[in-house]
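Engineer: Going by the working numbering, the sequence shown opens with residue 7, and the numbers climb by one from there.
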Amino acid sequence: MLEVKEIHTFYGLSHILFGVSLNVDSGQVVCLLGRNGAGKTTTLKSVLGMAPPRQGQIFFKGEEVTGKEPYIMVRKGVGYVPDDRRIFADLTVGENLEIAARKTEERKDWDKNAVYELFPRLREMDSRKGGFLSGGEQKMLAIGRALMGNPEFLLLDEPTEGLAPVLVRVLRGTIERLKGFGLTVLLAEQNVKFTLRLSDYGYIIEKGQIAYKGTVKELTENEEVRKTCGIQ
Ligand SMILES: Nc1ncnc2c1ncn2[C@@H]1O[C@H](COP(=O)(O)OP(=O)(O)OP(=O)(O)O)[C@@H](O)[C@H]1O
Ligand SMILES: [Mg+2]
Numbered sequence: 007m008l009e010v011k012e013i014h015t016f017y018g019l020s021h022i023l024f025g026v027s028l029n030v031d032s033g034q035v036v037c038l039l040g041r042n043g044a045g046k047t048t049t050l051k052s053v054l055g056m057a058p059p060r061q062g063q064i065f066f067k068g069e070e071v072t073g074k075e076p077y078i079m080v081r082k083g084v085g086y087v088p089d090d091r092r093i094f095a096d097l098t099v100g101e102n103l104e105i106a107a108r109k110t111e112e113r114k115d116w117d118k119n120a121v122y123e124l125f126p127r128l129r130e131m132d133s134r135k136g137g138f139l140s141g142g143e144q145k146m147l148a149i150g151r152a153l154m155g156n157p158e159f160l161l162l163d164e165p166t167e168g169l170a171p172v173l174v175r176v177l178r179g180t181i182e183r184l185k186g187f188g189l190t191v192l193l194a195e196q197n198v199k200f201t202l203r204l205s206d207y208g209y210i211i212e213k214g215q216i217a218y219k220g221t222v223k224e225l226t227e228n229e230e231v232r233k234t235c236g237i238q
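#1: Using CA atoms only, rank isn't needed, just tell me which of G85, G142, Q215 and L202 is closest to R232.
#2: On the DSSP letters alone, give me the boundaries of the alpha helix (DSSP H) that N216 sits inside.
#3: For a quick check, are the C-beta atoms of G45 and I22 less than 8 angstroms apart?
#4: So is the beta-carbon of K51 under 7 angstroms away from any non-hydrogen atom of ligand 2?
#5: Please output, in chain order, the residues near ligand 2 using a CB cut-off of less than 7 angstroms to any non-hydrogen atom of the ligand.
#6: Flag this pair as touching only if the stretch 209-225 and the stretch 64-75 have three or more C-beta atom pairs under 8 angstroms; answer yes or no.
#7: According to DSSP, which residues form a beta bridge with Y77?
#8: Looking only at its chain, what residues have a beta carbon closer than 7 angstroms to the beta carbon of Q34, apart from the 5 residues adjacent to it on each side?
#9: Near S32, which residues of its chain fall below 7 angstroms by C-beta distance, leaving aside the five closest residues on each side in sequence?
#10: So the candidates are V198, G73 and F125; which of them puts its Cα closest to the Cα of K51?
#11: Which residues in the same chain as A170 place their Cβ atom closer than 8 angstroms to its Cβ, once the five residues preceding and following it in sequence are excluded?
#12: At which residue ranges does the stretch 112-179 contain complete beta strand (DSSP E) runs of 3 or more residues, listed in the order of the chain?
#13: Nearest to E9 by alpha carbon, out of G188, F159 and G186?
#14: Could you spell out where the beta strand (DSSP E) holding G208 opens and where it closes?
#15: Along the chain, where does the alpha helix (DSSP H) that runs through T48 open and close?
#16: Quick check on F66: does DSSP put it in helix, strand or coil?
#17: Determine whether the beta carbon atoms of G85 and L153 lie at a separation below 8 angstroms.
#18: Out of curiosity, what's the CA-to-CA distance linking R92 and D132?
#19: Return the CA-CA distance between V174 and E167, expressed in angstroms with no decimal places.
#20: Confirm, please, whether the CB-CB distance from G40 to I211 is below 8 angstroms.
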């Protein structure tokens, strides 16, 4: 579904990604693991067109989309959950969801009610302003907003960051359900344990380059990877 080929991405003069390649097949959860500053967010932004690569190519459903603008990628079925949540503090939870609504002929599974079925907590908060939500509730709302765009493919940037362990478990259930609904996910994370439990395949990024890749079994059995990721 997604094929990233040898991309080089820059911020101004800073060269950040050095020939990153990765593949995500339809229906899979694929993870991109790496430490602070490794290039996870930049990879997701390169796919979405927020940080278009200067070299290399990106294909989505067989079509070249390198450098396409984010709104075009959203139209093509890509959803993005940014790490900084970017919800509207002055709008209610319901309004935050409604302004993100996007249905197409082929994809119309998600509406406000469906998001509330997935996150019952948000239904209770329907008329609360976004700025008055807890960190965990804001995360749910950010995922809900992306789902309102009825994506086929979801870019999830560090969803567990700052979440209490009990919410991390809830989130794992949520992502498993999304996979059950047929969504394909590229998940950028630092939380190795959480991520490997969920994923079909994984990439480890270090200093803007893919250092390791493999199935979850291959990654967890690789001594180097265990050291890098701090797996006991
Ligand atoms: N807007 C920017 N301008 C210049 N440099 C940036 C910008 N955003 C990120 N960088 C740099 O690019 C590198 C990769 O950052 P990136 O945000 O992709 O890492 P990350 O793996 O997502 O890290 P984190 O876990 O902290 O989110 C870092 O060295 C960072 O300082
Ligand atoms: Mg990041």
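No residue lacks a Cβ here, since even glycine has one placed at the ideal position from N, Cα and C.
Structural biologist: Let me spell this out:
#1: L202
#2: What sits at residue 216 in the sequence shown is Ile, not Asn. Where I216 is concerned, there is no enclosing alpha helix (DSSP H), although the beta strand (DSSP E) it sits in stretches over Q215 to T221.
#3: yes
#4: no
#5: K46, T47, D89, D163, E164 and A194
#6: no
#7: According to DSSP, Y77 bridges with nothing at all.
#8: T190, D206 and Y207
#9: M7 and T190
#10: G73
#11: G142
#12: 159-163
#13: F159
#14: Y207 to E212
#15: K46 to L54
#16: strand
#17: yes
#18: 17 angstroms
#19: 9 angstroms
#20: yes
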